[in-house]
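> Under this note's numbering, the first residue of the sequence shown carries the number 7, and numbering increases by one thereafter.
Heads up, the beta-carbon is just placed ideally off N, CA and C, and yes, glycines get one too.
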Amino acid sequence: MSSPSSDPVILLLYICFTRALAFGHAEIKWDKLHKTKFYVVGAGLFTGLTVGLYLVSVIKTRLQVASGDAVERNASSVIKGLLKTDGIPCLYRRFGTVITGAVPARIIFLTALETIKVAAFKMVEPFKPSEPTKAAIANGIAGMTSSLFSQAVFVPIDVVLSV
7 MSSPSSDPVI LLLYICFTRA LAFGHAEIKW DKLHKTKFYV VGAGLFTGLT VGLYLVSVIK
67 TRLQVASGDA VERNASSVIK GLLKTDGIPC LYRRFGTVIT GAVPARIIFL TALETIKVAA
127 FKMVEPFKPS EPTKAAIANG IAGMTSSLFS QAVFVPIDVV LSV
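#1: At the level of alpha carbons, what is the spacing between L61 and L97?
#2: For A49, which residues from the same chain have a beta carbon less than 6 angstroms from its beta carbon, with the 5 sequence-adjacent residues on both sides left out?
#3: Tell me whether L116 sits in a helix, a strand or coil according to DSSP, three-state version.
#4: What three-state label does DSSP hand K128 in the structure shown?
#5: If you pair each beta-carbon of the region 107-123 with each one of the region 153-165, do three or more pairs fall below 8 angstroms?
#6: What is the DSSP secondary structure of L39, counted as helix, strand or coil?
#7: For K86, does the three-state DSSP call read helix, strand or coil?
#8: Does DSSP put G50 in a helix, in a strand, or in coil?
#9: Enumerate in chain order the residues of its own chain whose CB-to-CB distance from V64 is below 7 angstroms, with the five nearest sequence positions on each side excluded.
#10: What are the start and end residues of the alpha helix (DSSP H) that includes N145?
#11: Between Q104 and F155, what straight-line distance do the alpha-carbon atoms span, to the nearest angstrom?
#12: Please state whether DSSP places V57 in a helix, a strand or coil.
#13: Give me the Cα-Cα distance between I119 and I113, rounded to the nearest whole angstrom.
#14: In whole angstroms, give me the CA-to-CA distance for Q70 and V84.
#15: What is the DSSP secondary structure of R68, counted as helix, strand or coil?
#16: Can you give the Cα-Cα distance for K38 and L51, rounded to whole angstroms?
#17: Quick one: residues in its chain with C-beta nearer than 6 angstroms to the C-beta of A126, no 5 flanking neighbours on either side, listed in chain order?
This is how it looks when you write it as structure tokens:
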């Protein structure tokens, strides 16, 4: 399972909620954002993508641990073998554990990202850097810190999942 900081859904939501619109510059401020909608829509998108990506992760793991004589197998043969031996439930075994860790970790990531970004912009302001430099520094600080916070939740659950 990929970490929330490298999750494509995080990137998608970030782009949707914080980038300038194609027809004009419109920066969305965290304090003006409808947070209930943001979290509900975000959790729904995250869960939907996690359902699809989890299947890919299961297949990838099965291919990685395949024995020497089964190395030539491909993804479709792995799926057929899993469905034949264990049925559909085996494809999503331990999925509840993944969601239990992923949703809170993503909420922590998004909250920390946006709140730290605002604070970082204020912290960098006295140095009077150019706007792109200020944005790069603030987004870098926010991204690194929010990733650290979300990983503090997600990694222990991911370790439990892999045992």
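In short:
#1: Within the sequence shown, numbered from 1, the residue matching residue 61 stands at position 55. Within the sequence shown, numbered from 1, the residue matching residue 97 stands at position 91. About 6 angstroms.
#2: Within the sequence shown, residue 49 is the residue found at index 43, counting from 1. Taken in chain order, the residues that qualify are V109.
#3: Translated into positions along the sequence shown, residue 116 becomes position 110. Three-state DSSP puts L116 in a helix.
#4: Counting from 1 along the sequence shown, the entry for residue 128 is found at position 122. Here K128 sits in helix by DSSP.
#5: yes
#6: The sequence position of residue 39 within the sequence shown is 33, counting from 1. Coil at L39, not helix or strand.
#7: On the sequence shown, position 80 is the one that residue 86 refers to. It is helical.
#8: As a working note, residue 50 is residue 44 in the sequence shown. Reduced to three states, the DSSP call for G50 is helix.
#9: As a working mapping, residue 64 is identified with position 58 in the sequence shown. Counting only residues of its own chain and dropping the five nearest sequence neighbours on each side, V64 has a CB closer than 7 angstroms to the CB of L97.
#10: In the sequence shown, the residue the question calls residue 145 occupies position 139. Segment E137 to S168, the alpha helix (DSSP H) holding N145.
#11: Position 98 of the sequence shown, counting from 1, holds the residue named residue 104. Position 149 of the sequence shown, counting from 1, holds the residue named residue 155. Just to set this straight, residue 104 is Val in the shown sequence, not Gln. Approximately 17 angstroms, taken between the alpha carbons.
#12: Taking the first residue of the sequence shown as position 1, residue 57 is located at position 51. DSSP places V57 in helix when its eight states are reduced to three.
#13: Locating residue 119 in the sequence shown gives position 113, counting from the first residue. Locating residue 113 in the sequence shown gives position 107, counting from the first residue. Note that residue 119 is Leu in the sequence shown here, rather than Ile. Roughly 10 angstroms separates the two Cα atoms.
#14: On the sequence shown, position 64 is the one that residue 70 refers to. On the sequence shown, position 78 is the one that residue 84 refers to. Near 11 angstroms, if we compare the C-alpha coordinates of V84 and Q70.
#15: Locating residue 68 in the sequence shown gives position 62, counting from the first residue. Reduced to three states, the DSSP call for R68 is helix.
#16: On the sequence shown, residue 38 is found 32 positions in, with the first residue counted as 1. On the sequence shown, residue 51 is found 45 positions in, with the first residue counted as 1. Using only the alpha carbons, I get a separation of about 21 angstroms.
#17: Counting from 1 along the sequence shown, the entry for residue 126 is found at position 120. A144, I147 and A148, listed in sequence order.
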